[in-house]
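The sequence shown lines up with residues 1483 to 1665 when you count with the working numbering.
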Amino acid sequence: MKRISLLMTSILCLQAGGAFAATQGTLGATSTGSVDISVTKPSRARISNLNDLTLASWVDGDGNQTLTDDVCIYSTSASGAYTVLATGDGASNAFTLTDGSATLPYSVSWNDGGVGSLSNTGTALTTAVTSGTFNNASGDSSTCAGTSPGNTARLIVDITEADLDQVYAAVYTGTLTLVVTPD
């Protein structure tokens, strides 16, 4: 498969080489030449403005807990489209926190409402599975400071009261990794 891809790339480069050719000037009182100019901007994405999520204290009766973080998503896709791949650091990439012996599960959702339209409801993400297509990424600033400045997506982490009830007093930590790809 790699050989076919390399062959196709080589053929395209050879074809493109004929399309872009400088014209040389001739000797005379004046001489005119021309060059073609080509700029290629590859597909790129960036996630930024991430912050650690902390629930300082939970006691019986506090109910389900939702932690959120508004983030900047940049995509060079013409439509501002992108996908998200989320993985936890639990066994088999599970979305879990641990105190070293016990685990506390959590769920992850993603809201792609765009600047000014973010909410605490979103599309559930499954660990180690690329999401469907999301939209509303910034397309004019990789820091979301362009013509419509502001964060474009919301990360939503939910921990149920039932799961919090079942763990002992301790500090539970974990790492959630998010991979954003232009679509």
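Ideal Cβ placement from N, Cα and C applies to all residues, glycine included.
Between Gly-1604 and Asn-1618, the gap from beta carbon to beta carbon reaches 8 Å or more. Contact between the segment 1638-1650 and the segment 1584-1598 is present: 3 or more CB-CB pairs across the two stretches fall below 8 Å. Under the DSSP definition of a beta bridge, Val-1662 partners with Val-1566. Ser-1559 has its alpha-carbon roughly 34 Å from the corresponding atom of Ala-1573. When secondary structure is reduced to three states using DSSP, Ala-1527 falls in the strand class.
Annotated as proximal: Leu-1532 and Asp-1551, with beta-carbon spacing under 8 Å.
DSSP places Ser-1591 within a strand segment (E or B) once states are collapsed to three. Taking a cut-off of 8 Å for Cβ pairs, the segment 1513-1524 and the segment 1599-1614 do not touch, as fewer than three such pairs fall below it. The shortest CA-to-CA distance from Gly-1598 to any of Thr-1615, Leu-1607, Leu-1549 and Cys-1554 is the one to Cys-1554.
Only exposed fits Tyr-1650, as fewer than 16 other CB atoms lie within 10 angstroms of its CB.
Ranked by Cα distance from Pro-1631, the options Ala-1527, Thr-1655, Ala-1652 and Gly-1596 are led by Gly-1596. In chain order, Thr-1569 place their CB closer than 6 Å to the CB of Thr-1659, counting only its own chain and leaving out the 5 sequence neighbours on each side. For Leu-1646, the enclosing alpha helix (DSSP H) stretches over residues 1643-1648.
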